[in-house]
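>
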Amino acid sequence: MRRSNGYIIIFTAILTIVVGGLLSLTSLVLGPAQKKSIELDTKSQILSAVMQIQKGDDILDIYRKRIQSVVVDARGNEITTDEKGKPIQAENIDIAKNFKKTRENRQYPVFKFMNKENELQVDAYILPIYGNGLWDKVWGFVAVDEKFESIVGVSFAHKAETPGLGARIATTEIQTRFEGKKILNEAGEVVSVTMQKGEKGGGQASIDAFAGKPHQVDGMSGATLTAKGVNNMMLDYLTSYKPYFEKVKSQVSL
Amino acid sequence: MSTETVEQVQEVLVKKVEPLFSKRRKKFVTDPLNEDNPITVQVLGICSALAITIKMEPTLIMSIAVVFVIVFSNLIISVMRNLIPNRVRIIVQLVVVATLVTVVSEILKAYYFEMYKVLGAFVGLIITNCIVMGRLEAFAMGNKPWDSVLDGMGSGFGYAWIILTVAFFRELFGSASLFDFKIFSAIGLSGFPTNAMMVDSIGAFMILGLLIWAQRSKTGYVEH
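Read top to bottom, the protein sequences are chains A and B. Using the numbering used here, read the first sequence as starting at 5 and increasing by one per residue. Using the numbering used here, read the second sequence as starting at 698 and increasing by one per residue.
1) What are the residues of the segment 747 to 771 of chain B that lie near chain A, defined by any Cβ-Cβ distance shorter than 8 Å?
2) Taking all protein chains shown into account, decide if residue 921 of chain B is buried (16 or more other Cβ within 10 angstroms of its Cβ) or exposed.
3) Between the Cα of residue 741 of chain B and those of B:838, B:866, B:825, B:911, spot the shortest distance and give me the residue it belongs to.
4) Nearest chain A C-beta to residue 806 of chain B closer than 7 Å, yes or no?
5) Counting C-beta neighbours from all protein chains within 10 Å, is the total for residue 241 of chain A 16 or more, i.e. buried, or is it exposed?
6) Give me the subset of the segment 10 to 41 of chain A whose CB atoms are less than 7 Å from a CB atom of chain B, sorted by chain position.
7) State the start and end residues of the unbroken beta strand (DSSP E) segment that holds residue 102 of chain A.
8) Under 8 Å Cβ to Cβ from residue 717 of chain B, same chain only, skipping five residues before and after it: list those, please.
9) Does residue 782 of chain B come within less than 7 Å of chain A when only Cβ atoms are used?
10) Taking the CB atoms as reference points, tell me whether residue 50 of chain A and residue 130 of chain A lie closer together than 7 Å.
11) Who pairs with residue 162 of chain A in a beta bridge, going by DSSP?
12) Give a yes or no on whether the C-beta atoms belonging to residue 174 of chain A and residue 164 of chain A are separated by under 7 Å.
13) Checking 7 Å against the spacing of the C-beta atoms, do residue 243 of chain A and residue 220 of chain A come in under that value?
14) Residues of chain B with a CB under 7 Å from the CB of residue 45 of chain A: which are they?
15) I think residue 746 of chain B touches residue 820 of chain B, with their Cβ atoms under 8 Å apart; what is that distance to the nearest whole Å?
16) Output yes if chain B places a C-beta closer than 7 Å to the C-beta of residue 7 of chain A; else output no.
17) Could you tell me how far apart the beta carbons of residue 117 of chain A and residue 94 of chain A are, in whole angstroms, since I believe they sit closer than 8 Å?
18) Output the distance between the C-alpha atoms of residue 734 of chain B and residue 805 of chain B, rounded to the nearest integer angstrom.
19) Around the C-beta of residue 193 of chain A, are 16 or more other C-beta atoms found within 10 angstroms, so that it is buried, or is it exposed?
20) Nearest CA to the CA of residue 807 of chain B: which residue from A:37, A:20, A:233?
21) So, with DSSP's three-state summary, where would you put residue 151 of chain A?
22) For a quick check, are the C-beta atoms of residue 152 of chain A and residue 214 of chain A less than 7 Å apart?
23) Is the beta carbon of residue 763 of chain B sitting closer than 7 Å to the one on residue 853 of chain B?
24) State the Cα-Cα distance for the pair residue 780 of chain B and residue 841 of chain B, rounded to the nearest angstrom.
25) Please list, in chain order, the chain C residues whose beta carbon lies closer than 8 Å to that of residue 796 of chain B.
26) Quick check on this structure: which residue in B:760, B:739, B:850 has the alpha carbon closest to the alpha carbon of residue 723 of chain B?
27) May I have the straight-line CA-CA distance separating residue 731 of chain B from residue 834 of chain B, to the nearest angstrom?
28) When the Cα atoms are used, what is the spatial distance from residue 828 of chain B to residue 788 of chain B?
29) Since residue 156 of chain A and residue 128 of chain A should fall inside the 8 Å C-beta cutoff, what is the C-beta to C-beta distance between them, to a whole number of angstroms?
30) Among B:752, B:798, B:813, which one has its Cα closest to the Cα of residue 26 of chain A?
31) Quick check: the segment 765 to 772 of chain B against the segment 882 to 900 of chain B, are there 3 or more CB pairs under 8 Å?
32) Starting from residue 241 of chain A, follow its DSSP beta bridges and name the residues at the other end.
33) Going by beta carbon distance, what residues of the same chain come within less than 7 Å of residue 262 of chain A, once the five residues before and after it are set aside?
34) By a C-beta neighbour count over all protein chains shown, 10 Å radius and 16 as the cutoff for buried, is residue 935 of chain B buried or exposed?
35) Could you tell me which chain A residues have their CB closer than 8 Å to the CB of residue 803 of chain B, listed as they occur along the chain?
Quick look at the structure:
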């Protein structure tokens, strides 16, 4: 049956309104639950830089007990309010948005992983990092020791790296390679850790091959450009966080 | 006298009402499971069958999502079929499918975030799954709601059992586990070598090919 143009327009208009209403309702109803799962996901990502998370761990509880967060600027000063005077919280900072600003204008969250017994002692600092991979964004967290000298652990994630190649940065196999590597050279400058080109066998062989090289880790076969992105991201953010750690160190020595 | 006519009318009505699971209707569900399977016979929905079958758990979630979307879009389109203007019917079908898929994706995001991260893009891509649109265009546009629901179930389950079978073998040989349970270590074969090819989409192609071979040699189906 042929319908008039008027019928078609009215039909599609009604359909659009009904569907639109339905979708905004869904989004409204599920919004709080989604926010909660995103929070849980962010917190477990932060914690995964320093510990192996098991299924069934109460992430929110561990996070509340062990993590203290501050926000610092590029000069290393702790900041509690933004330019407009609104209070800022490290957990709510959008790393992706900050990444687009110049290095001097970004806000840098610092998550302190506190000692289990002594609540005043920091076991590790967990720092969010963000950068460009081969196809899209890559991000993650680097946990550094309290002297900002070596890496305790890393966790990486990515949006669209090639499965089986660059996407391997999200696996523990790649991430364990970074453990114990050094950030600073002898002069105290940030040189970060660079993932090399090519791969020396994978698994333990890769770790052993670079055991004597504190600033290098084995690469990922077939994913040199993703590795390059990770290297740039690490160097960028570790350099940015350095002023903060200089301040922390000078406070300790006082 | 009046009671007599009422009885007659009722008799006529009873004769007209087909049982909910008549032989004809059962075929809507059973045909796509084997002889008219959307994946192995019609060769539709291959993209997602390759992409998400690395492990059982995401595959199961994907199956549920696809069954849900096919059944309800079939139902909705079938209910509206006489109202839908012919010239914009594809767009209307697409809107219905997209709405249902978005709802599924939002629910996953809220209550099953881990799976949302794994499946994310692929749940969205159910919209373009040819099986869904194919059933709407070929069946729901011309059949009654209940028949369409049954037809949707048939195609949905036909899709589901194939991808679950593929995922079973891929996870078993690719990751030596089932539903992330290390099955070979549990029975004392902790050194079982995993096959990296199974984790790749090549593995899915091979298993799918073997499945199609086995099925067609049994049903005698030949492409014309």
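C-beta: ideal position from N, C-alpha, C; glycine also.
Well, looking at it:
1) none
2) exposed
3) B:825
4) yes
5) buried
6) 11, 12, 15, 16, 19, 23, 26, 27, 30, 31, 34, 37, 38, 41
7) Element bounds for residue 102 of chain A: not the beta strand (DSSP E) but the alpha helix (DSSP H), 99 to 104.
8) 843
9) yes
10) yes
11) A:142
12) no
13) no
14) 810
15) Actually they do not touch by this definition, with Cβ atoms about 14 Å apart.
16) yes
17) In fact, because the Cβ distance is near 13 Å, the residues do not count as touching under 8 Å.
18) 27 Å
19) exposed
20) A:37
21) coil
22) no
23) yes
24) 13 Å
25) In the structure shown, chain C cannot be found, because the protein chains are A and B.
26) B:850
27) 21 Å
28) 16 Å
29) 5 Å
30) B:798
31) no
32) Looking at the DSSP assignment, residue 241 of chain A forms no beta bridge with any residue, so it has no partner.
33) The displayed coordinates of chain A run from 5 to 258. Any statement about residue 262 of chain A would go beyond what the structure contains.
34) Only positions 698 to 921 of chain B appear in this structure, which leaves residue 935 of chain B out of reach.
35) 30, 31, 34, 38
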